[in-house]
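If you count the sequence shown from 1, you need to add 122 to reach my numbering. Heads up: the structure comes next, in structure tokens.
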Amino acid sequence: MKEEIDFSAFSPTDYRYAVDALRDYLSEEAFVKYKSKIEAAVARVFEKKGILKKDLCDEIVAAASSVKAEEVHEEEKRTKHDIRALVNVIRSRVSDDAKPFVHLSATSYDIVDTANALRYKEAVMKVIIPDMLELERTWMEQARREKDTLQIGRTHGQHAEPITFGFAIAQYVNRWGSQILSVKESSENLVGKFSGAVGAYNATSLIFDDPEEFERDVLALLNLKPAPVSTQIAPPEPMSDFVHSIISSFSVLANFCDDMRHLQRSEIAEVRERVAEEQVGSSTMPHKRNPVGFEGVKSLWKKFMPQVITMHLDQISEHQRDLTNSASQRYTQELLVVFDYAVRRLKRIVERLEVDREKMRENFMISKDDIIAEPLYILLSYYGHSDAHEYVRRKSFQAYKENKSLREVVERDDEILAYLREFTSEQKDKVFDAEKYVGIAAEKTEKVVRYWEDKLSI
123 MKEEIDFSAF SPTDYRYAVD ALRDYLSEEA FVKYKSKIEA AVARVFEKKG ILKKDLCDEI
183 VAAASSVKAE EVHEEEKRTK HDIRALVNVI RSRVSDDAKP FVHLSATSYD IVDTANALRY
243 KEAVMKVIIP DMLELERTWM EQARREKDTL QIGRTHGQHA EPITFGFAIA QYVNRWGSQI
303 LSVKESSENL VGKFSGAVGA YNATSLIFDD PEEFERDVLA LLNLKPAPVS TQIAPPEPMS
363 DFVHSIISSF SVLANFCDDM RHLQRSEIAE VRERVAEEQV GSSTMPHKRN PVGFEGVKSL
423 WKKFMPQVIT MHLDQISEHQ RDLTNSASQR YTQELLVVFD YAVRRLKRIV ERLEVDREKM
483 RENFMISKDD IIAEPLYILL SYYGHSDAHE YVRRKSFQAY KENKSLREVV ERDDEILAYL
543 REFTSEQKDK VFDAEKYVGI AAEKTEKVVR YWEDKLSI
């Protein structure tokens, strides 16, 4: 089914980055549905406690399930209050006998904070986590496929020591696996509340001997836990931790995009985004094949990463509540949509990423004569040389000045021949054949992938 695009919308999230599968959780229509679900849960517990007759409870539940966002927003034009507008719409659908029990003993943020916790949790568990797992599988496959592909490691943008490309990807398998667990845990830690206007159960204590039990019963119907204590709003830290987990995960995506974008530079050219035959890279340079996917994800991260600061600011609410978070919190769902869009987009890019193994080897060969410096220094020290690091540093500088390889300079130096004779044949191979100096990169790659396969059951 082709999704319709509303080109009159203000936000590019609506017409460029939307994830259709999230509409049932994060759209305005969904928000009204979730708030109505909380109102219905209250009625159900009233019925369970024997306060509300079953037929009246059924009226309220049916009315709540049929509410549409458009009619609530129309009513809000009159009330200038979103929750009272919702309540009025529900009340308009039930009998006079049922009307008194709609929203009875509730305050607005019993409904709003609980609805947000529930919809964010369900959006994560039903859509976002599965999408994160799909990206993790894709990285696992790539890591295994390239675990023996020789690549020069880079630190500070300079050639360092040999690794394999699969080992480089295994870093992201590990980081992403940790983030999947973090996002899952933080979403499960989101809490609801039904403790009234200042959090002291003033209203519900008029009706129930144990108002906390009533709160637990309402939230249990929604598969949520209550906050241990709240004000008019739920304590902000669980939501702040949740948003932080999403943005921290987004940062992992941005880091990967940076790595791949740099490897795609013309002078490096070790990887390449596969592009469609009709795809245009530049409006004026027809030959361009730009890393637009990686750059697009990085750009989205730049836009939404500062939202973590907003969440920390939202932790501050004067006394039992002020309204300084009422507007800023409305953008959390936009973060979730764009994050999931980025996860899905990056999965598609990784699936079609072209790895140029010959170019990786060619780039590696640029530094093959210098790479022996580290293993040489390590083994010279191991076999007793008193100042091996300084010795190798001086010989490296000599090789550079004389335009010779470090191996050539060292093997002709009588000063260390006695030490070189101590090297085992395997050690000599690793010192003087740079391609073999890859440590346990391939084995570690396999170990990391297997660990996260077991941990995530994928």
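Ideal Cβ positions, reconstructed from N, Cα and C, are used throughout, including at glycine.
Query: Using beta-carbon positions only, say whether K243 and L346 come within less than 9 Å of one another.; Result: yes
Query: Using the rule of at least 16 other Cβ atoms within 10 Å of the residue's Cβ for burial, across every protein chain shown, is E399 buried or exposed?; Result: With a pLDDT of 48 at E399, under the threshold of 50, the modelled position of that residue is not reliable, and the figure given next carries that caveat. The residue in question, E399, is exposed, as its Cβ has fewer than 16 Cβ neighbours within 10 Å.
Query: Could you give the DSSP three-state label for G91: helix, strand or coil?; Result: This structure cannot settle anything about residue 91, because the visible part of the chain is limited to 123 through 580.
Query: Output needed for A349: all residues of its chain with C-beta closer than 7 Å, excluding positions within five of it in sequence on either side, in chain order.; Result: V313, K315, A356, P357
Query: Counting Cβ pairs, one atom from each stretch, are 3 or more of them under 8 Å apart for the region 224–231 and the region 189–198?; Result: no
Query: Quick check on this structure: which residue in W423, T326, L385, V414 has the alpha carbon closest to the alpha carbon of F372?; Result: W423
Query: Mark M487 as exposed unless 16 or more other C-beta atoms lie within 10 angstroms of its C-beta, in which case mark it buried.; Result: exposed
Query: Could you check whether A495 and V514 sit closer than 9 Å to each other, using their CB atoms as the reference points?; Result: yes
Query: So the candidates are I390, K159, V460, V419; which of them puts its Cα closest to the Cα of V141?; Result: V460
Query: Could you spell out where the beta strand (DSSP E) holding G275 opens and where it closes?; Result: 272–277
Query: Could you please give me the residues that DSSP links to V477 through a beta bridge?; Result: V393
Query: Write down the C-beta distance between R396 and R474 rounded to the nearest angstrom, noting that I regard them as a contact closer than 8 Å.; Result: 4 Å
Query: Can you tell me which of G275, A245, D232 puts its alpha carbon nearest to the alpha carbon of L341?; Result: D232
Query: Spell out the partners DSSP gives Q280 in its beta bridges.; Result: T277
Query: State the Cα-Cα distance for the pair V154 and G561, rounded to the nearest angstrom.; Result: 56 Å
Query: Under a Cβ-count criterion, where at least 16 other Cβ atoms within 10 Å of its own Cβ denotes burial, should H507 be classed as buried or exposed?; Result: buried
Query: Work out the CA separation of E537 and D551 for me, nearest whole Å.; Result: 21 Å
Query: Got a sec, what are the start and stop residues for the alpha helix (DSSP H) Y573 sits in?; Result: 563–578
Query: Any contact of the region 329–338 with the region 281–294, i.e. 3+ C-beta pairs under 8 Å?; Result: no
Query: Just to confirm the assignment, what range does the alpha helix (DSSP H) spanning N377 have?; Result: 359–385
Query: By a C-beta neighbour count over all protein chains shown, 10 Å radius and 16 as the cutoff for buried, is S579 buried or exposed?; Result: exposed
Query: Let me know if D253 comes out buried or exposed under the rule of 16 or more other beta-carbons within 10 Å of its beta-carbon.; Result: buried
Query: Quick one: what's K347 bridged to in DSSP?; Result: V313
Query: Which whole runs of the alpha helix (DSSP H) in the region 496–541 are 4 residues long or more, in chain order?; Result: 510–524, 528–533
Query: For G299, which residues from the same chain have a beta carbon less than 7 Å from its beta carbon, with the 5 sequence-adjacent residues on both sides left out?; Result: E258, W574, K577, L578
Query: Please go through the same chain and pick out, in chain order, the residues whose beta-carbon is closer than 7 Å to the beta-carbon of S405, but skip the five residues on each side of it.; Result: Low confidence applies here, because S405 scores a pLDDT of 43, under 50, leaving its location unreliable; read the following figure in that light. There are no such residues.
Query: When the distance is taken between beta carbons, is V571 closer than 9 Å to V477?; Result: no
Query: Could you tell me which of E268, V365, D235 sits nearest to H434, measuring between CA atoms?; Result: V365
Query: Short of 7 Å in beta carbon distance, which residues of its chain neighbour W261, apart from the five on each side in sequence? Order them along the chain.; Result: I291, Y294, V295, W298, V472
Query: Going by beta carbon distance, what residues of the same chain come within less than 7 Å of H409, once the five residues before and after it are set aside?; Result: Confidence in H409 is poor, its pLDDT being 49 and thus under 50, which makes the residue's placement unreliable; the coordinate value appears in the next sentence. Closer than 7 Å at Cβ, skipping near neighbours: no residue.
Query: If you follow the alpha helix (DSSP H) that R215 is part of, which residue opens it and which one closes it?; Result: No alpha helix (DSSP H) holds R215; DSSP gives it neither H nor E.
Query: With a threshold of 7 Å on Cβ separation, who are the neighbours of Y463 within its own chain once the five nearest residues in sequence on each side are excluded?; Result: Y139, V141
Query: With DSSP run on the structure shown, which of helix, strand or coil describes S405?; Result: In this prediction, S405 scores a pLDDT of 43, lower than 50, which makes its location untrustworthy; no coordinate-derived value is stated.
Query: Taking M262 as part of the alpha helix (DSSP H), name the residues at either end of that continuous run.; Result: 251–267
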